[in-house]
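Engineer: One structure, pasted below without further comment.
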Amino acid sequence: MSSPTATLIRNGRVITASDDYVADVLLQNGVVHTIGQHIEVGPDVRVIDATGLYVLPGGVDTHVHLENVIGPSVTCDTFASGTKAAAFGGTTTVVDFALQTATDSPLQAIARAQRSAESQVAVDYSLHVIVTRVDAQVLHDVRHAMHHEGVTSFKMFMAYPGVMMADDASIFRMLRQVGADGGMVALHAENGTVIDLLIQEALEAGHTSPRYHALTRPAIMEGEATHRGIRLAELAQAPIYFVHVSSNEALKHIVTARAEGIPVFAETCPHYLLFDDSVYHGDDLEIAKYVMTPPLRTSRDQKHLWRALRYDDLQVIATDHCPFCMKEGHLGYRMQKMRGKDDFSQIPNGAPGIETRMVSLFDIGVMQGKLSLNRFVELTSTAPAKLFGLFPKKGTIAVGSDADVVLFDPAATQTIHAHHLHGNCDYTLLEGRTLRGRVEKVFLRGQLIVDGAQWLGRSGMGRFVPRGQVRAF
Ligand code: URP
Ligand code: ZN
Ligand code: ZN
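Per the numbering used here, the very first residue in the sequence shown carries number 11; after that it's consecutive.
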């Protein structure tokens, strides 16, 4: 059968954020058409026996950096390579960033990112605008983006002074307007100016090794900025979302604020759950792989993150996929990790993870009894879809939802190697690690794009998804 009109997934175990049952699922016209028992179909419908497999909603990764310019470096995944990798990992929607530069407006930033993405994306996508400068025109454009462009979230940085950092008043102005309009401001919370001072002092003392990356970005400065962000949101009467929460110093403010009824939401990332700061004691060059921001924290912090994931103080696990190659010149990419071999502050911050998110969390979360299956789906698909205005089109398996479906084999195992992955990055933090669970098939709006090791998708088949208001409560 060359191009079936529809697909029936028979006898799989359908798992959403709230349900867990065995059923047949009929995908037709790009959406979930019918869910039922013993569905009868004609010969033109492809039937897939999913006995023993989980039928999961496609993953939604709301924190990825594809083709992002970060200082002098550009992330080494394009929209094409990054979204193909996402698909192989069971993620069918990503939200990337459109960076407002010194001279352009949020609307120009959106248009620029869309121009680049359009012909390349292999899964559906949206954009958060990184707002670096706020004035009346910018606020006007932000409102326009929300109401006419389907871009309803905006990221601001309390770190990286002189590059992306916004001051408190700018963050407050954005929170007040975006919150009133039903959108979300996402914050990178670290005290940028103090961290820059610590970096400067470390370098002046001759501390150039990558291990000083972590030492100069202490958790207490993540906590301070998180607390400040919460107070700004409280004053603005707006919801707020913290990206890449890594430490209990940050988490404790989030927990308190939520208990007080302040609409604070937050994500953590797989690397904070998989690794701790003991990696920074290793070989200098190797450490560059783990230079991401915030840095990896202690095993105690990790325990707090798991607790918060279980009890909903953290709602999302996103990757912060921000890949830079280890080998300078790999696939032609320059200014990558080795740029900082003699000066840790020159190492571009970030690590890859877009393809391994689902399976690594299944292994360390579900299989190790830290997360239920429903919670796993909620954290990786449903909650990010709700918080960023994609639900119920994305983030669940329900009649009428997009037919973004993953068939996942919980009984399979796989050993991760960078050269088996589909992105451009020349390393993975999970090299050689054996994980339980495997993505078997992936459907994007009903089209089979991943079938085992076979790629059936194509660049450009992904679509920009206009987003609605946040559904945070
Ligand atoms: O290390 C990271 N996370 N790099 C990407 C930029 C950011 O801060 O999200
Ligand atoms: Zn960040
Ligand atoms: Zn990021």
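For glycine and all other residues, C-beta sits at the position ideal for the given N, C-alpha and C.
In this text the structure is predicted, and so the values were computed from the model without any measurement.
Taking the alpha carbon of Leu-439 as the reference point, which residue from Ala-235, Ala-298, Phe-453 and Thr-392 has its own alpha carbon closest?
Structural biologist: Nearest C-alpha to Leu-439: Ala-298.
Engineer: Could you check if Gln-47 is buried or exposed, using at least 16 other CB atoms within 10 Å of its CB as the buried criterion?
Structural biologist: It is exposed - the Cβ of Gln-47 has fewer than 16 other Cβ atoms within 10 Å.
Engineer: Ignoring anything shorter than 3 residues, give me the beta strand (DSSP E) runs that lie fully in the region 38–65, in order along the chain.
Structural biologist: Runs found: 41–46 and 55–59.
Engineer: In or out: Asn-434 buried (at least 16 other Cβ within 10 Å) or exposed?
Structural biologist: That one is buried.
Engineer: Report the three-state DSSP secondary structure of Glu-270 (helix, strand or coil).
Structural biologist: Correct three-state label for Glu-270: coil.
Engineer: In chain order, which continuous runs of the alpha helix (DSSP H) of length 4 or greater are located wholly inside the region 272–314?
Structural biologist: DSSP runs (the alpha helix (DSSP H)) wholly in the region 272–314: 280–284 and 294–297.
Engineer: Whether or not the region 193–207 and the region 171–180 are in contact is what I'm after, with contact meaning three or more pairs of Cβ atoms, one per stretch, closer than 8 Å; do they touch?
Structural biologist: Contact holds: three or more Cβ-Cβ distances are below 8 Å.
Engineer: Which residue spans inside the region 191–267 form an unbroken beta strand (DSSP E) run of at least 3?
Structural biologist: Fully enclosed beta strand (DSSP E) runs of 3 or longer: 194–198 and 250–252.
Engineer: Below 7 Å CB to CB, which residues in the same chain sit around Thr-218 once its five sequence neighbours on both sides are set aside?
Structural biologist: Cβ neighbours of Thr-218 beyond the five flanking positions: Asp-352, Asp-353 and Phe-354.
Engineer: Under the three-state reduction of DSSP, which class applies to Thr-85: helix, strand or coil?
Structural biologist: Three-state DSSP puts Thr-85 in coil, outside helix and strand.
Engineer: What residues in its chain sit with their C-beta under 7 Å from that of Leu-137, if we drop five residues either side in the sequence?
Structural biologist: Val-105, Asp-106, Phe-107, Ala-108, Ile-120, Ala-123 and Val-161, listed in sequence order.
Engineer: By the 10 Å Cβ neighbour count, where 16 or more other Cβ atoms means buried, how is Ala-27 classified, buried or exposed?
Structural biologist: Its Cβ being crowded by 16 or more others within 10 Å, Ala-27 is buried.
Engineer: Tell me the rounded alpha-carbon separation between Phe-453 and Ala-482.
Structural biologist: Computed Cα separation, rounded: 27 Å.
Engineer: Taking all protein chains shown into account, decide if Gly-92 is buried (16 or more other Cβ within 10 angstroms of its Cβ) or exposed.
Structural biologist: Answer is buried; the Cβ neighbour count reaches 16.
Engineer: For ligand 2, any of its heavy atoms closer than 6 Å to the Cβ of His-73?
Structural biologist: His-73: no, Cβ never under 6 Å from ligand 2.
Engineer: Looking only at its own chain, which residues have a Cβ that is under 6 Å from the Cβ of Leu-341, when we skip the five neighbours before and after it?
Structural biologist: The residues are Asn-434.
Engineer: Given that a residue counts as buried once 16 or more other Cβ atoms are within 10 Å of its Cβ, and exposed if not, what is Met-11?
Structural biologist: Note that Met-11 scores a pLDDT of 46, beneath 50, so its modelled location is shaky; the value from the coordinates is reported in the next line. The residue is exposed, with fewer than 16 neighbouring Cβ atoms inside 10 Å.
Engineer: The beta strand (DSSP E) that contains Phe-386, what's its start and end?
Structural biologist: Looking at the DSSP string, Phe-386 is not in any beta strand (DSSP E); the run it does join, the alpha helix (DSSP H), is 383–387.
Engineer: With H, G and I counted as helix, E and B as strand and the rest as coil, what does DSSP make of Glu-77?
Structural biologist: In the structure shown, Glu-77 sits in coil (DSSP, three-state: anything other than H, G, I, E or B).
Engineer: For the 8 Å Cβ check, are there 3 or more pairs between the region 403–411 and the region 41–56?
Structural biologist: Judged by Cβ distances under 8 Å, the region 403–411 makes contact with the region 41–56, as three or more pairs qualify.
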